[in-house]
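Protein chains in written order, with the UniProt record's numbering: chain A, 1 to 124; chain B, 1 to 124.
Heads up, the beta-carbon is just placed ideally off N, CA and C, and yes, glycines get one too.
Remember, predicted model here, so these are calculated numbers, not experimental data.
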DNA sequence: TTACATGCTATTCAATTCATAGCATTTTAT
DNA sequence: ATAAAATGCTATGAATTGAATAGCATGTAA
């Protein structure tokens, strides 16, 4: 019997089951678990800004990521339905783009944060 | 000579210096580095919803976090100016509340994500 | 002065990530 | 057809990070 491609993998943090950092499986905690892994947000961000990307292109664009970790993150992001494969390499799914859209304001705000830290460090 | 309290620590990812996952030090990458550590977002989230919290209260509310990690995350969040100490324990700063506010939509959206995954898993 | 709460640190062990090499398969060039 | 290059990884070992648990130093209250 063949595996069906769209079943949820038990191997990535997903809502409804206990995840690292929460026994409740609350969606936000599952999301925090998934995104709170090194490079998870960075990969999604980088991919969305360079779609499609092959594995090696992503690797280069992420500068320092190791192929083992990239492969693992891609697997998790695919299991979570944020990333899939398409023509010319990896691409984001509709869900992945929604998530990215949630991160964009964070990207803008991070500049304010940088400014605030900077001003603070200049204090006499 | 005494250390001044508000100087940036070199020991946490901050904009303008290379961080894990990016040599550029782009603010968003520094933020991703900081938040992409186990429990970082969870601690901020939990604290914001239970202000103020003592160390032990936070520990309980986070359910599974170990004191060493909580202490480390608190140190980073404080260095990043997201958390500070106040009457009755740890509290968020104005910056920390801004960041939390950026995460709130993510929390709402995570429910849609959960629903989408769920529907997908019910497919024939 | 004993008891308890608080904010950690110490220690040991497990899991994760880094850095690098390299392999199997497909595509491209000659 | 063959060789070279690109692609998508896997393997390995070292370094870093996190989990689990114990316990200590300080402060407060009884």
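Anticipated Cβ contact below 8 angstroms, residue i with residue j, distance rounded
i: residue 52/B; j: residue 98/B; result: Contact flag wrong, Cβ pair sits at about 18 angstroms.
i: residue 43/B; j: residue 95/B; result: With 8 angstroms as the limit, residue 43/B and residue 95/B do not qualify as a contact, their Cβ atoms being about 15 angstroms apart.
i: residue 48/A; j: residue 100/A; result: 4 angstroms
i: residue 57/A; j: residue 89/A; result: 7 angstroms
i: residue 15/B; j: residue 27/B; result: 4 angstroms
Outcome for residue i when other beta-carbon atoms lying within 10 angstroms are tallied against a minimum of 16
i: residue 121/B; result: exposed
i: residue 83/B; result: buried
i: residue 67/A; result: exposed
i: residue 114/A; result: buried
i: residue 80/B; result: buried
i: residue 17/A; result: exposed
i: residue 92/B; result: buried
i: residue 54/A; result: exposed
i: residue 46/B; result: buried
i: residue 85/A; result: exposed
Residues bridged to residue i (per DSSP)
i: residue 54/A; result: Looking at the DSSP assignment, residue 54/A forms no beta bridge with any residue, so it has no partner.
i: residue 91/B; result: 84/B
Nearest to residue i (by Cα), restricted to the options the options
i: residue 11/A; options: 47/A, 50/A and 72/A; result: 72/A
i: residue 74/A; options: 25/A, 41/A, 15/A and 24/A; result: 41/A
i: residue 39/A; options: 27/A, 61/A and 26/A; result: 61/A
i: residue 25/A; options: 110/B, 50/B and 14/B; result: 110/B
Is there contact between the segment 27-38 of chain B and the segment 98-117 of chain A, where contact requires at least three CB pairs shorter than 8 angstroms? yes
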